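K.L.:
Counted the way mature numbering (1 follows the signal peptide of the UniProt record, and there is no 0) counts, the sequence shown spans residues -15 to -1, 1 to 203.
In this text, a Cβ means the ideal position worked out from N, Cα and C, and glycines have one as well.
Fair warning: this is a prediction, and the values are worked out from it, not measured in the lab.
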Amino acid sequence: MVKIFLFLLWHFCEAILFTAGSCAGFHRDLKNPSIWYSIKRLNPDAFIWLGDAIYSDRGDNLFQTIIPNEEKHWKLKYDVQKNDEGYKELRESTRILGVWDDHDYGPNNSDKNFPYKELSKKLFLDFIDEPKSSKRYQREGLYDSYYFTENDLKIKIILLDDRTFMDPSSNEHADVLGEIQWKWLENELSDTVDLYLIMNGLQINVEGRLTNIVELDC
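1) If you run the structure through DSSP and keep just helix, strand and coil, what is residue 139?
2) Give the single residue among 8, 125 and 94 whose Cα lies nearest to the Cα of residue 154.
3) Excluding the 5 residues flanking residue 81 on each side, which residues of the same chain have their C-beta closer than 7 Å to its C-beta?
4) Since residue 165 is in the alpha helix (DSSP H), which residue starts that stretch and which ends it?
5) Compare the Cα-Cα distances from residue 97 to each of 151, 21 and 156 and report the closest residue.
6) At the level of alpha carbons, what is the spacing between residue 149 and residue 125?
7) State whether the region 132 to 149 contacts the region 179 to 186, with contact taken as three or more CB pairs (one from each stretch) at a distance under 8 Å.
8) I'd like the ranges of any alpha helix (DSSP H) spanning at least 4 consecutive residues and lying wholly in the region 30 to 79.
9) Which residues does DSSP list as the beta-bridge partners of residue 84?
10) When burial is assigned at 16 or more other CB atoms within 10 Å of the CB, is residue 222 buried or exposed?
11) Taking Cβ positions, are residue 147 and residue 187 nearer each other than 9 Å?
12) Given a cut-off of 9 Å on the beta-carbon distance, is the pair residue 131 and residue 144 in contact?
13) Just the Cα atoms here: how many angstroms apart are residue 78 and residue 24?
14) Please return the same chain residues whose Cβ sits closer than 6 Å to the Cβ of residue 21, not counting the five positions on each side in sequence.
15) Please go through the same chain and pick out, in chain order, the residues whose beta-carbon is closer than 6 Å to the beta-carbon of residue 7, but skip the five residues on each side of it.
16) Please list, in chain order, all residues of the same chain as residue 185 whose beta carbon is under 6 Å from its beta carbon, the five residues on each side excluded.
17) Considering only DSSP beta bridges, list what residue 134 is partnered with.
18) DSSP three-state label for residue 89, please.
19) Would you decide whether residue 203 is buried or exposed? Buried here means 16 or more other CB atoms lie within 10 Å of its CB.
20) With a Cβ-Cβ cutoff of 9 Å, do residue 91 and residue 129 count as a contact?
21) For residue 110, which three-state DSSP category applies?
22) Can you tell me the Cβ-Cβ gap for residue 108 and residue 60, rounded? I've got them flagged as a contact below 8 Å.
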């Protein structure tokens, strides 16, 4: 399943369109999902991955659970996704941004103690065609921000990393973002822009379902 979100921002006669998706549970026997063609027809300014672009903790089928600890556990699935004809067309015409959640980061509900997170980060950034000069390759975590402008409208997208610094849920005062990312976010919110869009992979306002107990003091 792929969850798709649309953000259409009007300013006078101009519009900026962002599309975002998550939970792309495609596997080797599922190719050419029509959703990519549907997104491409919208001609968005960007497509933003918001977690679970792949399920690295699945084996030869989506019902076999593994602990990803080798490059192939991510790369084989990223290659299937990236080489899908519909997704290739979207990549050629649309800017791709993204951040992860647990299944593309590592095992289900994984936190900061996952030992292969640096390998996972590199493969995720390669998947979204992040420029090799990007600071995201060098620093800890996947958080980043981006500006979009249309005439005099200025929008800032902030992508938060909800896995790299997440405390174990057994911690009574567990934190998602970590001190470094909280300080970074505070600085990012000091800009003069018309609109902030803050996005991450973790579910926040969920009715009837809670995957982890963590502090989200804002």
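P.N.:
Well, looking at it:
1) The answer is strand: DSSP assigns residue 139 an E or B state.
2) Residue 94 is the option with its Cα nearest to residue 154.
3) Same-chain partners within the cutoff: 32, 113 and 114.
4) Per DSSP, residue 165 belongs to the alpha helix (DSSP H) from 163 to 173.
5) Nearest C-alpha to residue 97 among 151, 21 and 156: 151.
6) In this structure, the straight-line span from the alpha carbon of residue 149 to that of residue 125 is close to 8 Å.
7) Taking one beta carbon from each stretch, the region 132 to 149 and the region 179 to 186 have 3 or more pairs nearer than 8 Å; the two touch.
8) Fully enclosed alpha helix (DSSP H) runs of 4 or longer: 56 to 67 and 70 to 78.
9) Residue 84 is bridged by DSSP to 35.
10) What the structure shows of the chain is the stretch from -15 to 203, and residue 222 is not part of that stretch, so it cannot be assessed.
11) If you check the CB distance, residue 147 and residue 187 come in under 9 Å.
12) Yes, Cβ-Cβ distance for residue 131 and residue 144 is below 9 Å.
13) Those two C-alpha atoms are separated by around 11 Å.
14) Exclusion of the five residues before and after residue 21 leaves 71, 72 and 75 as the residues of its chain whose Cβ lies within less than 6 Å of its Cβ.
15) A distance below 6 Å between beta-carbons, with the five flanking residues on each side excluded, links residue 7 to the following residues of its chain, in chain order: -13, 35, 36 and 37.
16) Answer for residue 185: 145 and 147, listed in chain order.
17) Residue 134 pairs with 139.
18) Of the three classes helix, strand and coil, the one that applies to residue 89 here is helix, per DSSP.
19) Since pLDDT at residue 203 reaches only 37, below the 50 mark, its modelled position is unreliable, and the value read off the structure follows with that caveat. Residue 203 sits exposed, since fewer than 16 C-beta atoms from the chains shown fall within 10 Å of its C-beta.
20) With respect to the 9 Å criterion, residue 91 and residue 129 are not classified as neighbours on the basis of their beta carbons.
21) Residue 110: helix per DSSP, three-state reduction.
22) About 6 Å separates the CB atoms of residue 108 and residue 60; that is less than 8 Å, so the two are in contact.
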